[in-house]
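Here is the structure we will look at.
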(Lines of atoms letter the chains of each structure in order from A and count residues from 1; the text may use other names and numbers.)
(Lines give C-alpha, C1' and ligand atoms only; values in the text may rest on other atoms or scores of the structure.)
Protein backbone atom coordinates (compact mmCIF):
# COMPACT_ATOMS: atom_id res chain seq x y z
CA UNK A 1 0.00 0.00 0.00
CA UNK A 2 1.46 3.35 -1.05
CA UNK A 3 -0.42 5.47 1.46
CA UNK A 4 -0.77 4.99 5.20
CA UNK A 5 -4.27 6.13 6.25
CA UNK A 6 -2.88 7.15 9.65
CA UNK A 7 -0.62 9.81 8.11
CA UNK A 8 -1.54 13.15 6.61
CA UNK A 9 -1.02 13.08 2.85
CA UNK A 10 0.47 16.24 1.35
CA UNK A 11 0.62 16.58 -2.43
CA UNK A 12 2.98 19.45 -3.17
CA UNK A 13 5.44 20.61 -5.77
CA UNK A 14 6.18 23.30 -8.30
CA UNK A 15 2.91 22.65 -10.20
CA UNK A 16 4.52 23.06 -13.60
CA UNK A 17 7.94 21.45 -14.00
CA UNK A 18 10.20 24.31 -15.06
CA UNK A 19 13.63 22.74 -14.84
CA UNK A 20 16.11 21.01 -12.59
CA UNK A 21 16.95 24.03 -10.41
CA UNK A 22 13.33 24.69 -9.42
CA UNK A 23 12.66 20.97 -8.82
CA UNK A 24 15.73 20.63 -6.61
CA UNK A 25 14.80 23.72 -4.58
CA UNK A 26 11.19 22.63 -4.05
CA UNK A 27 12.15 19.02 -3.30
CA UNK A 28 14.74 20.24 -0.80
CA UNK A 29 12.15 22.39 0.98
CA UNK A 30 9.67 19.50 1.07
CA UNK A 31 12.38 17.18 2.38
CA UNK A 32 13.06 19.62 5.23
CA UNK A 33 9.33 19.82 5.97
CA UNK A 34 9.10 16.03 6.01
CA UNK A 35 12.01 15.76 8.46
CA UNK A 36 10.39 18.38 10.72
CA UNK A 37 6.98 16.66 10.49
CA UNK A 38 7.48 12.90 10.12
CA UNK A 39 3.72 12.38 10.35
CA UNK A 40 3.45 13.80 6.82
CA UNK A 41 3.51 11.61 3.75
CA UNK A 42 4.76 13.93 1.01
CA UNK A 43 3.98 13.20 -2.64
CA UNK A 44 5.97 15.38 -5.05
CA UNK A 45 3.72 16.79 -7.78
CA UNK A 46 4.88 18.32 -11.02
CA UNK A 47 3.21 18.63 -14.42
CA UNK A 48 5.20 18.17 -17.61
CA UNK A 49 2.44 19.89 -19.63
CA UNK A 50 -0.06 22.47 -18.43
CA UNK A 51 -2.35 22.05 -21.41
CA UNK A 52 -5.22 24.21 -20.12
CA UNK A 53 -3.79 27.69 -20.59
CA UNK A 54 -5.79 30.83 -21.25
CA UNK A 55 -3.18 32.08 -23.72
CA UNK A 56 -1.34 30.23 -26.48
CA UNK A 57 1.78 32.14 -25.41
CA UNK A 58 1.59 30.78 -21.84
CA UNK A 59 4.35 28.48 -20.59
CA UNK A 60 3.29 24.83 -20.68
CA UNK A 61 6.14 22.91 -19.08
CA UNK A 62 9.08 20.73 -20.02
CA UNK A 63 7.33 18.12 -22.14
CA UNK A 64 6.82 14.44 -21.37
CA UNK A 65 10.33 12.95 -21.46
CA UNK A 66 12.15 15.87 -19.80
CA UNK A 67 9.43 16.09 -17.16
CA UNK A 68 9.58 12.38 -16.36
CA UNK A 69 13.37 12.61 -16.09
CA UNK A 70 12.99 15.39 -13.50
CA UNK A 71 10.41 13.41 -11.55
CA UNK A 72 12.61 10.30 -11.61
CA UNK A 73 15.52 12.39 -10.30
CA UNK A 74 13.42 13.77 -7.41
CA UNK A 75 12.20 10.25 -6.60
CA UNK A 76 15.75 8.86 -6.65
CA UNK A 77 17.36 11.70 -4.65
CA UNK A 78 14.62 12.30 -2.06
CA UNK A 79 12.60 9.09 -1.96
CA UNK A 80 9.31 10.86 -2.57
CA UNK A 81 6.46 9.15 -4.36
CA UNK A 82 5.88 11.29 -7.48
CA UNK A 83 2.72 12.41 -9.26
CA UNK A 84 2.00 13.99 -12.61
CA UNK A 85 -1.03 14.65 -14.80
CA UNK A 86 -1.93 12.81 -17.97
CA UNK A 87 -3.96 14.39 -20.74
CA UNK A 88 -4.14 11.62 -23.34
CA UNK A 89 -4.36 7.84 -23.17
CA UNK A 90 -1.10 7.60 -25.15
CA UNK A 91 0.80 9.17 -22.22
CA UNK A 92 -0.46 6.82 -19.51
CA UNK A 93 1.85 3.80 -19.93
CA UNK A 94 4.99 5.94 -20.12
CA UNK A 95 3.97 8.00 -17.07
CA UNK A 96 3.25 4.80 -15.10
CA UNK A 97 6.86 3.68 -15.65
CA UNK A 98 8.07 6.58 -13.44
CA UNK A 99 5.18 7.91 -11.38
CA UNK A 100 3.55 6.39 -8.33
CA UNK A 101 0.39 8.44 -8.81
CA UNK A 102 -1.33 9.37 -12.05
CA UNK A 103 -3.50 12.46 -11.84
CA UNK A 104 -6.46 13.21 -14.07
CA UNK A 105 -6.95 16.98 -14.46
CA UNK A 106 -10.33 18.47 -13.57
CA UNK A 107 -11.20 19.33 -17.16
CA UNK A 108 -10.61 15.68 -18.14
CA UNK A 109 -12.30 13.95 -15.20
CA UNK A 110 -15.15 12.66 -17.37
CA UNK A 111 -12.96 11.17 -20.09
CA UNK A 112 -13.77 7.49 -19.63
CA UNK A 113 -10.97 6.13 -21.83
CA UNK A 114 -8.38 8.19 -19.94
CA UNK A 115 -9.71 7.05 -16.56
CA UNK A 116 -9.74 3.40 -17.62
CA UNK A 117 -6.21 3.60 -19.03
CA UNK A 118 -4.90 5.15 -15.82
CA UNK A 119 -6.68 2.57 -13.66
CA UNK A 120 -5.34 -0.30 -15.79
CA UNK A 121 -1.75 0.61 -14.81
CA UNK A 122 -2.31 -0.42 -11.19
CA UNK A 123 -0.96 2.94 -10.05
CA UNK A 124 -2.82 5.16 -7.62
CA UNK A 125 -5.11 7.48 -9.61
CA UNK A 126 -5.97 10.94 -8.28
CA UNK A 127 -9.01 12.33 -10.09
CA UNK A 128 -9.44 16.05 -9.72
CA UNK A 129 -13.12 16.86 -9.87
CA UNK A 130 -13.85 20.26 -11.28
CA UNK A 131 -15.98 22.67 -9.27
CA UNK A 132 -18.08 23.00 -12.39
CA UNK A 133 -19.36 19.40 -11.97
CA UNK A 134 -22.22 18.32 -9.74
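In our numbering, the protein residues as written are 5 to 138. Glycine included, every Cβ here is placed at the ideal spot set by N, Cα and C.
Residue range of the alpha helix (DSSP H) that includes residue i
i, result
"residue 95", "93-102"
"residue 27", "24-40"
"residue 49", "From DSSP, residue 49 is part of no alpha helix (DSSP H) but of the beta strand (DSSP E) over 44-51."
CB of residue i within 9 Å of CB of residue j, strictly
i, j, result
"residue 68", "residue 99", "yes"
"residue 21", "residue 70", "yes"
"residue 82", "residue 31", "yes"
"residue 96", "residue 50", "no"
"residue 120", "residue 103", "no"
"residue 14", "residue 45", "yes"
"residue 40", "residue 12", "no"
Counted within 10 angstroms of its Cβ, other Cβ atoms place residue i as buried (16 or more) or exposed
i, result
"residue 107", "buried"
"residue 87", "buried"
"residue 48", "buried"
"residue 17", "buried"
Residue i (DSSP reduced to helix, strand or coil)
i, result
"residue 117", "helix"
"residue 78", "helix"
"residue 60", "coil"
"residue 87", "strand"
Check: residue i C-beta below 8 Å from any heavy atom of the ligand GDP
i, result
"residue 80", "With respect to small molecules bound, the structure shown includes none, and the ligand GDP cannot be examined in it."
Pick from the options that is closest to residue i, judged by C-alpha positions
i, options, result
"residue 66", "77, 52, 59", "52"
"residue 84", "36, 9, 137", "36"
"residue 55", "23, 132, 111, 136", "111"
"residue 132", "105, 125, 28, 93", "105"
Terminal residues of the beta strand (DSSP E) in which residue i lies
i, result
"residue 17", "12-20"
"residue 107", "105-108"
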